[in-house]
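One structure is given below, encoded as structure tokens.
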Amino acid sequence: MFSVLWVVFIPFIFAALTPLIQKFIGEDRIGLWGVIAALLSFGGVLSLAGYGLGDEPLYVIYEWAPTFGLTLGFYIDGLSWLFAFLISGIGVLINLYAYWYLHKPDPFGRFFAYLLFFMGSMLGLVLSSNLIILIIFWELTTISSFLLIGYWSHTERARYGAVKSILVTSVGGLAMIGGAVILTVITGTAEFPELIKKAAFIQEHALFFPILLLLMLGAFSKSAQSPFHIWLPDAMEAPTPVSAFLHSSTMVKAGVFLIARVHPIFSGREEWILLIASIGLITMVLGAYYALRKVDLKAILAYSTVSQLGLMIMALGFADVLGAKATAFHIMNHAAFKGMLFLVVGIIDHETGTRDISRLSGLRFTMPKTAVLAFIGAFASAGIPLFNGFLSKELIFEAAYDQIGVASWMAVFPVFAVVGSILTFTYSMKIFFRVFYGEEAKELPKHPHDPPFGMLFSPGLLAAVTVIVGILPFIAERFVNAATAAITQQPADFYLTIWHGFTPALWMSVVTVAIGIVLYSRKALLEVLHSKPPFGLTVNAMYDWWYPNIMLGAEKLIGVFQSQKIRFYFMYILGMVVVLCGWVLIRDGHFRFIPHDLMHAETYEYLGALAFILATIGVALFRSRLAKVISLGVVGYMLCATFIVLRAPDLALTQLLVDIVTVILFVLVIYFLPQLKEVKESLSVKIRDLAVAGLTGAFVTVFVLAVYAHRHTTSVAEYFLDNAYELAGGTNVVNVILVDFRTFDTLGEIIVLAIAGLGVYALVRMGVAHKKKKDSSI
Amino acid sequence: MNLQEIIVAFFLLVGIFFIITGTVGLLRLPDFYNRIHAPTKATTLGVSSTILGAVIHFYGFPPADGFKELLAILFIFLTAPVGAHMLAKAAYHSKIDLWKDTIVDERAGKRVIGEEKMPSEEKLEKEEEERTPE
Amino acid sequence: MKISRIIFHIVLALLWCMMHNSFHPATFIIGYLLAWASTSMFMILSKYKPFRMNIWEAIKLFFVFLKEMIVANIQIAYIIISPPMNIRPGLVEYPLDIKNEGAIVLLANMISLTPGTLSVDIAEDRKYIYVHAMVMETPDQLKQKIKDTFERRILKMLGEEAEERRP
Amino acid sequence: MISLILHRVTRVIIHILLIFSIFLLLKGHNEPGGGFIAGLMASVSIVLVYLTYDIETVKRFMPISYPAMIALGLFFATGMGLGGVVLGYPFLTQTFDYFQIPLVGEIELATALIFDIGVFLTVVGATLLIISSIGEGS
Amino acid sequence: MIGLLAIIIGFLVGTGTYLILKKTAFKVALGLVLYGQAANLLIITMGGVKLGEPPIILREAGISYSDPLVQALILTAIVIGFGVTSYLLVLVYRAYQAHDSDSVDLFEEVDDK
Amino acid sequence: MINNLAVYPILIPLVAAIIQLFFAKNTFVQRVLSVVSSALILIAVVFLYIDVRTNGIQVYWMSDWVAPFGITIVADLLACFMLFLSALASLAMSAYAMVDIDANREKYFHFPLFQLLLMGINGAFLTGDIFNLFVMYEVMLMASYVLLAHGSEARQLRGSLHYVMINLFASTFFLFGIGLIYGITGTLNMADIAVAVQNADPDTQGLLTAVSMMLFVVFGVKTALVPLFFWMPDAYPQPPVATAAMFAAIMTKVGVYSITRTFTLMFPGDEFTLTVIKIVAVASMLIGVLGAIAQTNFRRLLAFHSVSQVGFMVLGVGFFSPMGLAGSIYFVMHHSMIKSSLFLCSGIAERLTGNRDIKKMGGIIEKHPFYSALFLIAAFSLAGLPPFSGFFGKLILLFAGAELNEYIFLAAILVGGFLTLFSMVKIWQMAYWGKREPEFNKVKVGSFIWGIIILVGMSMVLAIFVQPVYDMVLEAAEQLLDPSQYINAVLRK
Amino acid sequence: MIEYLALIILIIISLSIALCMIRVYKGPSTPDRVMALDTIAVNVLAFIVILSIVLGTEMFFDAVLVIAVIAFVGTVAISKYLMKGDIIE
Ligand code: NA
Ligand code: NA
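Chains as they are written, first to last, in this note's numbering: chain Z, 94 to 871; chain R, 404 to 537; chain H, -6 to 160; chain S, 1284 to 1421; chain L, 7 to 119; chain X, 71 to 563; chain D, 846 to 934.
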């Protein structure tokens, strides 16, 4: 049990300690720290081989947040162990390679911290038994790969690639979260073993397809399936070890892993095949086509990866044992040869200073060792016998061919599998022959030669695996069987051999190679593929359009509302009040004209009200500010009189005093303010303002009357009247309320006043002296 | 209707009479300097007799109590002339013209009131320009 | 000086008592203390030139003023209300005999309180009060009237004699 | 000097106003008035002094720091409340009692008055701080 | 009576609204003062306009008083409104000093340094 | 002796402020008092929480007058959480302010004003009286007005002009609302109002809904919901960063708190109300984040995010289920920590580069990797990426929505999360990535980041211990959904 | 009896206040408006006195006193502004 935690968390812990260790052993040697971490993790994985390759999986759970089905659970079966094995194993090689690859002024410590962080996340992802925990690690790989891709962030391209990768993959990630939450809520669990038990229930559920689609969006975006594939080529801006690690064997396979993981839960229904196999197929063909059109070696490899991932996903989409088996095998093989190819490209880039296929040629003379490696990688990729790629591709052909039996339209799968493979064969040949054959290239940025042993070691090892598995495939049998059993939840017991006899798959391979050779040797045919983009509007162009335009659009949208003109803000608030409250009032029939009985009043009250209203309107009407203030003063007096009429002497006093002080304040401030400019308001603005004013005024009147009609019959005020004298010792109940019953309000009130005072003081005193200060002599 | 009521009524009527003349004067008189005489009337005699009437109403005649109320009269007599004076001075200062039929202006040509010079004449003039309501 | 201040204190204390509607000694003492506190706080504001005052003349002045005010009120009221407005307004320069600033202010305020006349300003050299009157026959008549009704009596009250200083 | 008349009248009336404000403060518990009204009253009267004199003069004869006055006011109000807490009552608990004082008779003393004084001081301090700050700001 | 009061409140709010829709900071401040007064009037209305004695206890039986609680609330509200209004006014004036404009609209320069 | 625990969070800052005012010239005493006050509140809140957990809702009668007549201080679990947050934030801000606030501001009452702000905030969380809530709001707002313009720089003055006006305007509607509530119910005590609302006849119910909508708009303005938020992005970037962080961390939450309280206790949500709340919440979530995307001013961008994040919290209230409310509270906690640390981060970035525009920044990670890492954690937490607190906040809301079959809102949460990530990535790649050899002002970053470390650390605690924290907030949510607990505690003791 | 009279007077006073508003509207100068404001203050004062009679309570007299003693401060402030432009030197 412990070793599971060990495997997952060792890289994290080592990553976190990197800055500290770097201080001790020096930046130059921090790479060794990474290698040690990876080795420790790899050792842990090996120690778990018994579960991964045996019959009984390991399933450990640490409770975390049961409400959300969150358990820190780990599930080690053939599938997850295979992935963990690849991740940690290749991780060791990558760390080793990077130790030689990096050079100043790159910050080494940060690189290895990111790399270990990524490795840990990836291990957590594949080992977790819980869908939500898987997603958590999934997002961690997103974050860490974001940091890795943007490692050379001083270059525009690196930032672009990193941003693109995180944005595109997190679209899927978020969808996945949605799907996982819904799935957890309807089933009550997020544990894969539990979910598998409930597969029938899930497949019956009305939300089956939404959940599947949401989860698959995650898988497709991570595994760069069309149309999400766009991020992967730009992610090649990362240092080559990163590309080799992330984009050959680990991160991009997370999607494949997820599909394999949920295979037993979802694969029973047709939607599965329709969705997954088709997307895989499209991606495979498109990816290979793009790879063929590229001249940058890394770009070729990137699209090649896209294509290969499509191939695997297509096979998983078949939802049968053969597809699962083919995928499992191809995952291994692809990791080996593609990882190696990336490292080789890294070497080429490192030694020649360029990755442009049109500038490179004839490197076999100067870099013979590298050439051998490249040869193995390219031929494995092309699916030539004796290399491992051939074997797994053949299995996929077989699986695809079998689909014809399921439904006749599914003949598209074998047909297009061949088409894709032809393209793959062609670009693989390009990789090797264009770079290593032909005239020896002149004018390269650097003088090429074979790299140091350290850099050759990792690709060399992978090359060995490629060849050995290609020749002696039974070595991989246990791995593949265990993984297949895990994917299909059925015992799997296959033999892997080079020769199956003259099966349809073999003929498909023959056709592939034959047409491939024709295609590669006929330059004219290649030219056709190169020159004309089949459609103008590519997904990439859409992304590039969308990225700045969402900002521009947001700016425009916000600019419309956030006009920085406060009158509109007021109108929004008023509008919201009037609409919400008004709607309820009208709905419930509270909206009526003033009833006659409510209008009963003394004559003097009518006259006073008239004066009040006149004064109120005056505040708005007068043009001179002083006149406005005077009118406001009158309003204050009228309010005072109103308070008297309503038997509120304290209020009348307060209002009077406040009125005077307010008038003085206004006059004081008028002095400092500029003359009111004669702002010509258009008639429509005036009408608008009047309409808004009238509407709100009427609304408040109606609201007040409606509430008054339903006024309380008893209130707490009676208590105050009853007890003010006996219990609080005062006859002025208002004052008693202020200083006794509700002292805290009064305390708050004077605090407000105190702050206002201090605030004004600070405001006036702290300001920079106003340049155009009025001549103080006046 | 007893004597006290009669006295109260008398004072109230006198009060309201002067108050209303004050208002009428405020409306009718031709220029600011004439108009300002009107409120003086309302404040002095009008308000005093109103208050007196009220005091008698509440406390009898002669009032045995209600000194506080009477204090209001004192306050008015203290403050009213100052307000009127300040306002008139300000008006004169801001060059508000005397009525065309004013018979004499012995201060003409000596417009400067007080020690200091006029503040910003333009400013006040502008204020004047704007005084017509919309 | 002391005495005038004490008198002022007493007046203030009496006002305090009036506010309370109570002339209880305790109230008075509290009022006196408050008056003392207030005048001490605003020391500068409480410095008065000492002057003697004839109480009898003061009372007489008060009633004369009352009479004048009532008469003027009625006159002016009549003018305001009568349909043809018989006003003869003017701004006159009223020459002062009084020297004491406090007394000048007293006079000026009396003028203002009497309807129909208003002190617009006191000249810088304290020699004139500028009076706006609503009705006057001639400026001299108006000045004479002010002199006779108010200024002389004020001077009397202060125990001074009016210099003959005809305008 | 803006006006002799204003000067002279202010000299007299300021004391009346202040005393009146104290009157409003003290009787607020039983009749209209109270700390806030009294505070504003006192503020207005001192504003009158500001209007009559210039700021420098007022500063000279009234060397009061308004921020300190505010602090003092808050101190009174809060301190009164805390007094209750110390004695085991909730914050801001008020009490009152009637006392016989020779010569004066029965008077009521309420802790509310202390609170009201706090209100008074804060209001005066804040209002005057505002007005004098603007005045000075010119 | 209540009808009249409601109409007055409506006018205060309406006028206040008209003013706050203006461009001049000073007018907006005026409008807000009117709004505050409307609020005060509204609250006292809600205490009822049944018009008893002012809430100063006369210690006699059978007297009905007007609602003291609303009055206390309004007093608090007036004070708070006064404090905020004063601060706002000074802010208006200081903002004018700083930018030489008493418009309420913000400028670009406010956005970024 | 009575138990004064509930009133300490109000009392401590008040007393501290008064003492600080007396020590107006001694800034050292003021600084120390600031930190001490926050620490004391924090301790008091922890004890208060324990008290509430063991003895139920704590009710404190101010001035010794029983409810509903006097002002009642009520500490329930929600209030405790909010108090905890405000104390935590103020502690972090005080630590930051020690090095950030300039002498001039210190001289002009920065510290006492801050304490009074805190008092207003805590008062708003604790009060059980609707009018007192208004008063506490005003204390808080008044202090915030002053702190916002404190320093009187030109752009501050103008920025705060809108802020003051809008809030004054909204406060008026608050008063309208209180008046109308009193008119209908005849009481101001929130528990008493709740009883009155329960007993109201059907004819009056509609009126009460209308009044509650008015309050919703008021709180919506204060908490900056769409379409009421426009004042906020111009205001919050203006003051010193410690102040801005406090505003962002706690002040907007007061509005959320009030909405929660109003629509759980006084006007328990009906169909119409909840629909309105949810629509407004979603609009805020999306429009707020779009606003953030449009900005390049660091602080404005963060301010816009608050609009969006508040939408998440209010959405939880709109769900009106235990899980929804729990999610809302959790989100409030997460956001107050994360948003304030982001603001503090922006302050450091400004100091380093002398700029507020991220376009003019770059390469911070090269020189200050640790500080950059703190920012990154906070940024990704805000964006809701796991394993940070924001992820769990969102997760709880997602679960709540899924349980109620509110799939549209689920989608909105996810879209909002994506756009948030977009904008955070934008900051990161513009300001922290970039130049290889950046040139910065001399800043002792080490002395600034303690506040950030506290806050980010707490948010990590929130994330790691999500289950216990969730259990705690769920308890609070259940308490909210059972208003009788509150009512009984207040009205019958 | 007196109450009836007082009621009539009240009507007259409120009419008077309304009429004063005409002067506020017409101006034409600021001092005219201030004067109208002053007159309104006086009218309100009288209004309160008379209303006290109608209602039979003396509780409003403090307001009377305050108007009497305070109203002129506003006038002084505006006057000083008109005179000097600056109301506090
Ligand atoms: Na930049
Ligand atoms: Na940059």
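In this text, a Cβ means the ideal position worked out from N, Cα and C, and glycines have one as well.
Within 7 Å, strictly: CB atoms of residue i and residue j
i	j	result
A493/R	L927/D	yes
F906/D	I737/Z	no
G486/X	M355/X	yes
T789/Z	L667/Z	yes
A575/Z	G171/Z	yes
L25/L	Q43/L	no
A315/X	L422/X	no
A251/Z	E330/Z	yes
C733/Z	M283/X	no
Neighbour list for residue i in chain D, Cβ cutoff strictly below 7 Å
i	result
L490/R	P876, V879, M880, T920, S924
V450/R	V887, L890, A891
P60/L	T902, M904
Unbroken beta strand (DSSP E) run spanning residue i, endpoints
i	result
G166/Z	163 to 169
G83/H	83 to 88
V124/H	121 to 126
D114/H	110 to 115
According to DSSP, residues forming a beta bridge with residue i
i	result
Q1383/S	E1389/S
N574/Z	Note: N574/Z sits in no beta bridge, so no partner.
W131/X	T142/X
Y155/Z	L165/Z
Endpoints, the alpha helix (DSSP H) within which residue i is located
i	result
I372/Z	371 to 386
I(-4)/H	-5 to 13
H47/X	The requested residue 47/X is not part of the displayed model; chain X covers only 71 to 563.
Chain-ordered neighbours of residue i on chain S, where CB pairs are closer than 9 Å
i	result
L481/R	V1292, V1295, I1296, I1299
Partner residues on chain Z for residue i, Cβ-Cβ distance less than 9 Å
i	result
V869/D	L707, A708, G711, F715, A720, I723, S724, V727
Under 8 Å by beta carbon: chain Z residues contacting residue i
i	result
Y41/L	The contacting residues do not exist; Y41/L stays about 10 Å from chain Z at best.
Residues in the region 686 to 710 of chain Z having any Cβ partner in chain L nearer than 9 Å:
Here the close residues are I687, P688, H689, D690, L691, M692, H693, A694, E695, E698, Y699, G701, A702, F705, I706, T709, I710.
Chain D contacts from the region 1292 to 1315 of chain S (Cβ-Cβ distance under 8 Å)
The residues in question are I1296, I1299, L1300, F1303, L1307, E1314, P1315.
In chain order, what residues of the region 192 to 220 of chain Z put their CB closer than 9 Å to some CB of chain X?
Per Cβ criterion, the list reads P198, P200, G202, R203.
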